[in-house]
Structure formats: C-alpha cells, structure tokens
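Going letter by letter, the sequence shown gives residues 1 to 232 in UniProt numbering.
Note that the Cβ used here is the ideal one computed from N, Cα and C, for glycine as well.
In what follows, a structure is listed as structure tokens, so that the remarks can point back to it.
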Amino acid sequence: MINCIIVDDEPLAAALLEKHISRIDRLKVAGKAENAIDAYQLLRTRSVDLMFLDIQMPHLTGIDFLRSLPQKPPTIFTTAHRDFALEGFELEVVDYLLKPITFERFFKSVERVLRNEIKTREDFLLIKTEGMNRKVPIHEIVYIESQGNDIRTVLTGSESLLSKGKITDLESILSGKGFIRIHRSFIINTRYVTAFNPVELQLGAFIIPVGRSYKSEFDAFTTALSKGSVNL
C-alpha cells in the first residue's frame with residue numbers, strides 16, 4: 001500500500017481527492033490536515049509515501065511548508081492557480097494538479113508513483129555490528145535506544161544490535177516512516193505500541209518512558225491513536 005496524506009484547507013477539494021484515492025486499490029488515505037502545522041504532525045507520527053499538498057493555505061503556503069521539511073515525502077501539488085509551476089519544478093515534486101481535479105488527470109499523476117513505487121526513504125538500515133554491516137528492514141525495528149556513544153536497536157523477536165552512532169542521525173532518517181522520538185534516549189516504531197499512559201508506553205513486553213521535551217510529539221500520536229486515525 002502507498003500511504004497518502006491530504007493537506008488542504010478546502011473541505012470539498014480534500015473530499016474529492018479522498019474519493020479519487022479510494023478508487024485505486026494501491027492507495028490509502030493515512031491522514032488529512034487543513035494547515036501546515038497539522039501536516040507536520042502527520043509526517044511526524046505516521047508513515048507517509050505520498051503527500052497531496054495544497055499551495056494556498058492560511059499562515060504558511062504549501063510551497064514554504066515543503067521547503068521547510070528536512071526530509072520531503074514525494075509530493076503532488078494541488079492548486080486552483082497556474083502560477084506556481086516553477087516552484088514545483090525547483091522542489092522536485094511528482095506533479096502539479098490544477099483544481100478541480102478530474103479522476104483521469106489524478107490517475108495520470110499517481111501512475112508514476114504506482115509504477116515506480118516511490119518511497120520517502122530507504123526501507124532498511126545498514127547497521128554496523130560485530131564487524132559486519134547488517135541490512136535491517138525498518139519494519140522489524142521495535143525501538144532504538146541511545147546508550148552513551150552506542151545505539152541499541154531492538155528488533156522483533158527481542159533480538160538487539162549494538163552499534164556506534166547518534167540517535168539524532170537515526171531520528172532524521174526514520175522521520176515520516178512511522179517512528180517518533182518520545183525521549184532523548186528512545187525512538188519507537190508506532191506500529192508496535194500496545195498500551196500507553198501520560199508518562200510511558202508499552203511495546204509488547206517493553207516499557208518506554210516519555211520525556212518531557214518530547215511530550216508534544218507523544219501527545220499528537222496518542223491523540224490520533226485515540227481517534228483511530230494513526231497508520232500503524
């Protein structure tokens with residue numbers, strides 16, 4: 001499945017995009033946002049393979065929002081105006097759709113995504129452990145823990161790998177892939193969350209604390225989870 005988010009402050013335009021997406025089996029709506037702030041939270045709390053981004057939104061335009069992202073998901077601009085094609089080209093967006101968007105034009109735009117199976121980042125990490133570079137699929141990572149100058153990567157089946165590195169580097173790589181940092185020492189894979197309260201969460205048999213500095217990311221995730229809208 002290709003997980004899509006729709007970022008548009010016009011309800012009718014967003015509803016039309018959602019309808020188009022529902023007609024293609026390989027596409028799934030992973031979330032919707034009406035402004036850049038909410039869109040940023042979506043990118044922080046779930047896996048996003050494709051973003052439909054309106055250009056003219058309140059407070060921060062879609063162009064400025066996309067420019068601000070350190071890691072940009074494949075993006076299709078949606079707009080009622082023809083004046084932003086150059087910016088779209090400079091930002092290397094997948095396509096530039098003019099509203100109202102017909103299904104035929106929509107399908108032509110996403111066809112290249114379907115054909116090439118565009119991903120926002122690599123689907124695996126290379127982890128150097130015990131003198132070997134090990135290829136680890138990211139969906140097998142339960143959580144990552146910083147231990148001084150080392151990183152402990154815990155996998156499904158309770159296997160763990162110890163390697164050198166900084167947790168901030170991994171946070172950048174895994175952002176937008178369903179991982180969130182909830183503590184200065186922990187990044188967790190949201191798909192494995194089984195329980196939580198305001199100060200900690202549970203990943204199967206593992207209990208992970210929530211740091212005060214990361215409370216906003218945690219709250220955004222748990223709020224979306226409570227509404228049943230998080231893509232685990």
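Provide the residue(s) that pair with Arg105 in DSSP beta bridges, ordered along the chain. Arg105 is not bridged by DSSP to any residue.
Backbone CA spacing between Leu161 and Met57 [nearest angstrom]: Going by the C-alpha atoms only, they are around 44 Å apart.
Go through its chain and collect everything with a Cβ distance to Ala39's Cβ below 8 Å, but skip five positions before and after it. Once the five neighbours on either side are set aside, the close Cβ partners of Ala39 are Ile5, Val7, Ala33, Met51, Leu53, Phe65.
In three-state terms, what does DSSP make of Lys166? The answer is coil: DSSP assigns Lys166 none of H, G, I, E or B.
In the DSSP assignment, the alpha helix (DSSP H) including Gly148 goes from what residue to what residue? No alpha helix (DSSP H) contains Gly148, which DSSP labels as neither H nor E.
Buried or exposed (CB count within 10 angstroms, at least 16 for buried), Phe179: Around the beta carbon of Phe179, 16 or more other beta carbons sit within 10 angstroms, so the residue counts as buried.
Between the CA atoms of Leu16 and Pro100 - distance to the nearest angstrom: Taking the CA atoms as reference points, Pro100 sits about 9 Å from Leu16.
Where Thr45 falls: helix, strand or coil (DSSP): Of the three classes helix, strand and coil, the one that applies to Thr45 here is helix, per DSSP.
Segment limits, beta strand (DSSP E) that includes Ala33: Unbroken beta strand (DSSP E) run through Ala33: 27-33.
Rounded C-alpha distance that separates Lys215 from Glu104: Computed Cα separation, rounded: 43 Å.
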